[in-house]
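Following: one structure in structure tokens, then a few remarks.
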Amino acid sequence: MRINVLQHTPNEGPGMIADWAHAHGHTMYVYHPYQFGVLPTADETEMLVILGGPMSPNDTLPWIKQERDLIQQLLDRDIPMFGACYGAQQIAKTLGYPVTKAPAKEVGWAPIYRQSPVIPGIPAKLSVLHWHEEMFTVPAEATLLFSSDRVTNQGFVWKHRVVGLQFHFEPAADNVREMVVNDYRYIAGSVLNQTAAEILQTPVPRENQQVLNAILNYITAE
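Residue numbers (the UniProt record's numbering): 1 to 222.
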């Protein structure tokens, strides 16, 4: 399977999604539309991953709208899709639902709580990395998947093929370090009140890879 990945900032890559792709023998292509203005076509996309970034779906940059055009084509074709943070917001906006300021800026490690058993093998509570201050509106046709203590809309699943998460399951320890050392200024103002050092010292829970794998297996299952 050809997995096309849309990356939106140098320090937020596919992380453990690449581990899952390689373990299953898939081929992964990473695009950087914010820099090169290049996107894959729908015909060459068998799965789409839309990663996070500092931009907003409400921004008016042409490539952001072009991404949503691609997302719409893939939704129409029932192509598996996974969105993280900005990526999840892009999916929700493509489906016609607004992206707004979240009730609180969350940056750091904090728990999320499973809201639906639709995807097997997900624990009731997980510790995940948050890096956002906007949030999606859960589409009416979707199922709320996760919530946090401060932001209800933390994850959704849409028609078995699409999952959007407001937080990050994908970073391994090296990826967390890359995010923090390059974007540490963004931590200021977070309600989680964690320093860069505290975020770096928190181990990535082993179960996060397992749950990420379960989600990716779910949306790609025949």
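Quick reminder that beta carbons are idealized off the backbone N, C-alpha and C, glycines included.
It should be emphasised that the depicted structure is a prediction, and the values quoted were computed from it without experimental measurement.
{"Check": "Report all residues from its chain with a CB closer than 6 Å to the CB of P120; omit the five preceding and five following residues, and keep chain order.", "Outcome": "none"}
{"Check": "Counting only the same chain and skipping the five closest in sequence on each side, list residues whose C-beta sits under 7 Å from that of residue 223.", "Outcome": "For the chain, the structure presents residues 1 to 222; residue 223 sits outside this window and is missing."}
{"Check": "Let me confirm a value: H168 is counted as buried when at least 16 other C-beta atoms fall within 10 Å, else exposed. Which label applies?", "Outcome": "buried"}
{"Check": "Report the rounded CA-to-CA distance for I215 versus L61, giving the unit in angstroms.", "Outcome": "30 Å"}
{"Check": "Quick one: residues in its chain with C-beta nearer than 7 Å to the C-beta of E170, no 5 flanking neighbours on either side, listed in chain order?", "Outcome": "P14, G15, M16, I17, A84, L212"}
{"Check": "Which runs of the beta strand (DSSP E) at least 3 residues long sit entirely within the region 144 to 206? Give them in chain order.", "Outcome": "155 to 158, 162 to 165"}
{"Check": "Out of G108, Q166, L129, A23, point me to the one whose CA is closest to A154's CA.", "Outcome": "The question names Ala, yet the displayed sequence has Gln at residue 154. Here the closest residue by C-alpha is Q166."}
{"Check": "Can you grab the Cα-Cα spacing for the pair E67 / Y97, in whole Å?", "Outcome": "16 Å"}
{"Check": "What does the Cβ neighbour count give for P139, buried or exposed, with the cut at 16 atoms within 10 Å?", "Outcome": "buried"}
{"Check": "Sort V181, K159, M179 by Cα distance to P80 and report the nearest one.", "Outcome": "K159"}
{"Check": "Considering only C-alpha positions, which residue in the set V157, A197, Y186, N11 is nearest to A88?", "Outcome": "V157"}
{"Check": "What is the rounded straight-line gap between the Cα of T94 and the Cα of I71?", "Outcome": "7 Å"}
{"Check": "On the CB-based measure, 16 or more other CB atoms within 10 Å of its CB, does G164 come out buried or exposed?", "Outcome": "buried"}
{"Check": "Among residues of its own chain, excluding the 5 on either side of K105, which ones have a beta-carbon nearer than 7 Å to its beta-carbon?", "Outcome": "E133, G189, S190, V191"}
{"Check": "Using three-state DSSP, classify M16 as helix, strand or coil.", "Outcome": "helix"}
{"Check": "Which of the three DSSP states, helix, strand or coil, is assigned to A104?", "Outcome": "strand"}
{"Check": "Between the beta-carbon of P205 and the beta-carbon of V107, is there less than 9 Å?", "Outcome": "no"}
{"Check": "Check for me: the beta strand (DSSP E) holding R68 runs from which residue to which?", "Outcome": "Taken as a continuous stretch (DSSP letters only), R68 belongs to no beta strand (DSSP E), being part of the alpha helix (DSSP H) at 62 to 76."}
{"Check": "Does P57 pass the burial test, meaning 16 or more other C-beta atoms within 10 Å, or should it be called exposed?", "Outcome": "buried"}
{"Check": "Using alpha carbons as the reference points, say which of I91, I219, H130, R150 lies closest to T202.", "Outcome": "H130"}
{"Check": "Between the beta-carbon of F146 and the beta-carbon of Y113, is there less than 9 Å?", "Outcome": "yes"}
{"Check": "So, A42 versus Q73, is the Cβ gap smaller than 9 Å?", "Outcome": "yes"}
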